Amino acid sequence: MFLFTTNSVIFLVVAIGSGLASGFYLLASLAPMLDKDCPYRTPLTYFFLIFLSTFGALILSIIIYIAIVISSIGNWIHDRKIVLRDITLRHLWHVMKRNTALMPLLSHLFKSWFKGESAAERHDIVHRNYHPSRGRTTLSVKELLYVTTYTDLLQNPRTAQYMARRLFDMEREGIAEYIAQLREHRSMVARLVSAFNRVDSPQDAIGSVRLLQMLLLADDPARVTSSHDEVAKREDARWKQLRARLNAACSFARLNARRPFERGLPV
Numbered sequence: 010m011f012l013f014t015t016n017s018v019i020f021l022v023v024a025i026g027s028g029l030a031s032g033f034y035l036l037a038s039l040a041p042m043l044d045k046d047c048p049y050r051t052p053l054t055y056f057f058l059i060f061l062s063t064f065g066a067l068i069l070s071i072i073i074y075i076a077i078v079i080s081s082i083g084n085w086i087h088d089r090k091i092v093l094r095d096i097t098l099r100h101l102w103h104v105m106k107r108n109t110a111l112m113p114l115l116s117h118l119f120k121s122w123f124k125g126e127s128a129a130e131r132h133d134i135v136h137r138n139y140h141p142s143r144g145r146t147t148l149s150v151k152e153l154l155y156v157t158t159y160t161d162l163l164q165n166p167r168t169a170q171y172m173a174r175r176l177f178d179m180e181r182e183g184i185a186e187y188i189a190q191l192r193e194h195r196s197m198v199a200r201l202v203s204a205f206n207r208v209d210s211p212q213d214a215i216g217s218v219r220l221l222q223m224l225l226l227a228d229d230p231a232r233v234t235s236s237h238d239e240v241a242k243r244e245d246a247r248w249k250q251l252r253a254r255l256n257a258a259c260s261f262a263r264l265n266a267r268r269p270f271e272r273g274l275p276v
């Protein structure tokens, strides 16, 4: 470029001469590979020999491996009309992008590696990916609807105990609304009372009392109001609806008062 700024003719002569010399050197380096009797070798010739021998061996190994696979299982795949869907890129991407698969894990591992975090922290990332922590143990509204659909489950007091121990978190979305609406269905409450009156253990009694407590306290968020009159009417209606449940609570007291030592209850 310096010669071009001072004298363009000299620059063109030097550029053409350098190009021709490079081409001649390249041909001279390739000549011994084409003609084994050529007595001349250049340093580039030895580089080409090493590169081509390594690359050729790799390509030959791949070809031989493919030939072996095709000859071994090709007829078996063809006869049974097997489609190897898992090796297609579309299905591979579908598997890797899932939350429990490899792609999200790799992104977190790369971030950890770039941040310079320790190997123990990356081990924790892998452990959390394949062993996620358990979520909340409270039942969802969908699971409650299942119990409502199959009401025969409520004939077993242990079901009431299980529901109470899982449902005691009244802050979970939809739980209070469900229980408040459950309280207004006379047939459903009758089934609950029938189950409550057949408590056979202290654990069943505790679970049933907890469920009674939720029936007493649950409010439908859609009906919450700041009007004192509305609040008073709602509370009056609540106690009118809970007469049967209070009778069941009295039966608990009578049941647990009998033979406390035999039932394992404190005096």
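Residue numbers (the numbering used here): 10 to 276.
By construction, the Cβ of each residue, glycine as well, lies at the ideal position given by its N, Cα and C atoms.
As the structure is a prediction and not an experimental result, all values here were calculated from the model.
{"Check": "The region 77 to 90 touching the region 61 to 69, judged by at least three CB pairs closer than 8 Å", "Outcome": "no"}
{"Check": "Member of T158, Y187 and L36 whose CA lies at the smallest distance from the CA of L220", "Outcome": "Y187"}
{"Check": "A241 versus R192: straight-line alpha-carbon distance, rounded", "Outcome": "18 Å"}
{"Check": "Supposed contact pair A227 and A185 - C-beta distance, whole angstroms, cut 8 Å", "Outcome": "5 Å"}
{"Check": "Alpha-carbon to alpha-carbon, R167 and G216", "Outcome": "8 Å"}
{"Check": "Cut-off 8 Å between Cβ atoms - residues of its own chain near L39, not counting five sequence neighbours on either side", "Outcome": "T54 and F57"}
{"Check": "DSSP state of E126 mapped onto helix, strand, coil", "Outcome": "coil"}
{"Check": "Cα-Cα separation between M223 and Q190, rounded to whole angstroms", "Outcome": "12 Å"}
{"Check": "Straight-line Cα distance separating S127 from L114", "Outcome": "16 Å"}
{"Check": "Top-ranked residue by Cα proximity to T51, from Y74, Y34, H132 and K120", "Outcome": "Y34"}
{"Check": "Close-in-space but distant-in-sequence residues of the same chain around P41 (CB under 7 Å, 5 per side omitted)", "Outcome": "C47, Y49, R50 and T54"}
{"Check": "Supposed contact pair E130 and S121 - C-beta distance, whole angstroms, cut 8 Å", "Outcome": "6 Å"}
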